[in-house]
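Enquirer: Here it is: the structure, laid out below.
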Amino acid sequence: MTASVLKLASPLKDLVLGATPELGKSDQDKAEVAGWIEKVIQGDIVKPTGVKELDSQLVPRTYIVSNYLTAADVALYGALHPVISQLQSAQYHAHPALTRYFDHIQTTPSVRKCAESLAPAFSLVLFDLDNAPKPERKAEAPKKKEKKIDNPADPPVTTAKDKEKTTAGAVENKTDARAPKEKKEKKKDAGTDGKKADVSKKVAPAEDAGEPVPSMIDLRVGHIIDVKKHPDADGLYIEQIDIGEETGPRTVVSGLVHYIPIEQMRDKYLIAVCNLKPANMRGVKSFAMVLAASAKEGKDHGIELVQPPPNSKPGDKVYFEGPEYENATPLSQLNPKKKIFETIQPGFITLDTREAAWVNPVTKTVHKIRTKDGVCTAPTLVGASLS
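Under the UniProt record's numbering, think of the first position of the sequence shown as 1, with each following residue one higher.
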């Protein structure tokens, strides 16, 4: 145990010593853990400016260092407890990332067990999350409208035909004034100009134009920070999954109750499909889908969550190997009418190495599913389908 932990005052020191011995798995992690504990000792972290700054830093994080619980998390939780426990709902709702983080740490089994032994110093803080302000999900993808504007603007407003209609002396003074009128004329004109405008309309806004390709699908690393059974559906879980968004975790409903025990769902890292249209699942809206591997013999022979490589963080981009896919930007939302996911999904498989991949049905080329840190895998299943 580092000297910094031993410098903590009781009962905070007792909480850290009892909850976890983890000081970091790498030298870099160890240095960061020690640094955060020193900040706790200095006391600035619990001041209003420190709380605000910490809330911003926690937006993309599940844990304060790397992707696992350390002594730094426990020290932060203990130091913040007297502050957070006194906040009114409007105050902790104003710090959503910090509230989410604090609640996650306080309900971690090892932390909770030790905290209960030291109660009332670290009693459970209850949050009114049901009445928290609902963040606006960008489900309808306003970015598409921006792209409609960008593409028609690519060709200059003053065309060759405009120049023919405009005298050399008048071009300089009238071009800007005529631009809006000419756009209206093109819309009304039933001749050649009108047809050109129609063509640009068909091509420009179609973010998902062309044949479906896997890079249209927005895959990201997610981390389950809470999971419970759906109150109205025996086969459904309701998960809170952190995918590194400022708005906090997404609510996701998954039909995995009969295949994966809830104990194996808790604190699990996974791959989330993030640009499906939100769907109501027995009264609960689901904002993503978890990617699971089903045994080739059928679901009854096993279903496993596809796992990201070690050291992955919530929100890490997951992509398909191959120059045509690696740098492509996913669609903001998959159009259900286009059936993009349904077209691509039959090519999802786990290889003999258990690595997740997409096999092009035409060329038979194999494109592994990966992050910058490595390839995603299924724990045990070979030849499994992914959905």
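From the three backbone atoms N, C-alpha and C, an ideal C-beta is built for every residue, glycine too.
Helix, strand or coil, according to DSSP, for Leu124 in the structure here?
Expert: Three-state DSSP puts Leu124 in coil, outside helix and strand.
Enquirer: Name the DSSP beta bridge partners of Arg250, please?
Expert: Ile241
Enquirer: Pick helix, strand or coil for Pro155, following the three-state DSSP scheme.
Expert: The pLDDT assigned to Pro155 is 46, lower than 50, so where the model puts this residue is not dependable, and the model offers no usable value.
Enquirer: So if DSSP puts Asn280 in a beta bridge, which residue, or which two residues, is it bridged to?
Expert: Paired residue(s): Lys285.
Enquirer: Please name the residue or residues paired with residue 388 in a DSSP beta bridge.
Expert: Any answer about residue 388 is impossible in this case: the structure gives the chain only from 1 up to 387.
Enquirer: DSSP state of Lys201, grouped into three classes?
Expert: The predicted model places Lys201 with a pLDDT of 42, which falls under 50 and marks its position as unreliable; any figure quoted below should be read in that light. Reduced to three states, the DSSP call for Lys201 is helix.
Enquirer: For the alpha helix (DSSP H) holding Ala3, just list the boundary residues, first then last.
Expert: 3-6
Enquirer: Opposite Asp226 in the DSSP bridges: which residues?
Expert: DSSP, once it has assigned bridges, lists Gln240 as partnering Asp226.
Enquirer: Under 8 Å between the Cβ atoms of Ala295 and Gly302?
Expert: yes
Enquirer: What ranges does the alpha helix (DSSP H) occupy inside the stretch 25-57, keeping only unbroken runs of at least 4 residues that lie completely in it?
Expert: 27-42, 48-57
Enquirer: Assuming Ala79 and Thr20 make a contact with CB atoms under 8 Å, what is their CB distance in whole Å?
Expert: Not quite, the Cβ-Cβ distance comes to about 15 Å (not below 8 Å), so this is no contact.
Enquirer: For chain D, is any of its Cβ atoms less than 8 Å away from the one on Lys25?
Expert: Chain labels in this structure do not include chain D; a single protein chain is all it has.
Enquirer: Would you call the stretch 110-128 in contact with the stretch 17-36, where contact means no fewer than 3 C-beta pairs closer than 8 Å?
Expert: They touch, by the three-pair rule.
Enquirer: Whose CA, out of Asn67, Val318, Leu69, Asp226, lies closest to the CA of Ser215?
Expert: For the residues Asn67, Val318, Leu69, Asp226, the minimum Cα distance to Ser215 belongs to Val318.
Enquirer: Check whether the stretch 242-255 and the stretch 272-284 touch, using three or more Cβ-Cβ pairs below 8 Å as the test.
Expert: yes
Enquirer: Does DSSP classify Leu12 as helix, strand or coil?
Expert: Residue state, collapsed to three classes: helix.
Enquirer: With H, G and I counted as helix, E and B as strand and the rest as coil, what does DSSP make of Tyr269?
Expert: strand
Enquirer: So, for Ile84: in the same chain, excluding its five sequence neighbours on each side, which residues have a beta-carbon less than 7 Å away from its beta-carbon?
Expert: Result list for Ile84: Tyr92, Phe102, Val125, in chain order.
Enquirer: Rounded to whole angstroms, what is the Cα-Cα separation between Val157 and Leu381?
Expert: Legend: pLDDT at Val157 = 47, less than 50; position of this residue unreliable, no value from coordinates given.
Enquirer: Going by the DSSP bridge assignment, what does Glu304 pair with across the sheet?
Expert: Ala293
Enquirer: Gln42: which of Ser332, Leu23, Val5 sits nearest, CA to CA?
Expert: Val5
Enquirer: Could you tell me the boundaries of the beta strand (DSSP E) in which Val366 lies?
Expert: Val366 -> beta strand (DSSP E) spans 366-371.
Enquirer: Given this structure, state the Cα-to-Cα distance separating Arg370 from Thr377, to the nearest angstrom.
Expert: 9 Å
Enquirer: Just the Cα atoms here: how many angstroms apart are Pro379 and Gln106?
Expert: 29 Å
Enquirer: From this set, Glu22, Gly24, Ser123, Lys25, which residue's C-alpha is nearest Pro11's C-alpha?
Expert: Ser123
Enquirer: Check the DSSP bridge columns for Val213 and list the partner residues they point to.
Expert: Paired residues: none, contrary to the question.
Enquirer: Beta-carbon within less than 6 Å of Glu355's beta-carbon, same chain only, minus the 5 sequence neighbours each way: which residues are those?
Expert: Lys368, Val375, Thr377
Enquirer: Using alpha carbons as the reference points, say which of Val257, Asn311, Tyr325 lies closest to Lys299.
Expert: Val257
Enquirer: Please specify which runs of the alpha helix (DSSP H), each continuous and at least 4 residues long, are wholly inside the stretch 73-109, giving them in chain order.
Expert: Whole alpha helix (DSSP H) segments, 4+ residues: 89-93, 96-106.
Enquirer: Return the Cβ separation of Val306 and Met265 in integer angstroms, given the expectation that the two are a contact with Cβ distance under 8 Å.
Expert: That belief does not hold up - the Cβ atoms of Val306 and Met265 are roughly 14 Å apart, past 8 Å.
Enquirer: If you check the beta carbons only, do Ser387 and Gln345 fall under 8 Å apart?
Expert: At a Cβ-Cβ threshold of 8 Å, Ser387 and Gln345 count as neighbours.
Enquirer: Report, in whole angstroms, the separation of the C-beta atoms of Glu288 and Ile340, which I expect to be a contact under 8 Å.
Expert: Strictly speaking, residue 288 in this sequence is Ala, with Glu absent from that position. Actually they do not touch by this definition, with Cβ atoms about 16 Å apart.
Enquirer: Can you tell which of Pro133, Lys47, Asp14, Lys25 has the C-alpha that lies nearest to the C-alpha of Val121?
Expert: According to the sequence shown, residue 121 is Ala rather than Val. Ranking Pro133, Lys47, Asp14, Lys25 by Cα distance to Ala121 puts Asp14 first.
Enquirer: What is the DSSP secondary structure of Gly18, counted as helix, strand or coil?
Expert: helix
Enquirer: Using C-beta distances below 8 Å, list every residue in its chain close to Leu276, excluding the 5 sequence neighbours before and after it, in chain order.
Expert: Ala288, Met289, Gln333, Leu334, Phe341
Enquirer: Could you name the residues of the same chain whose beta carbon sits closer than 7 Å to that of Lys7, not counting the 5 residues immediately before and after it, in chain order?
Expert: Correct list, in chain order: Ile41.
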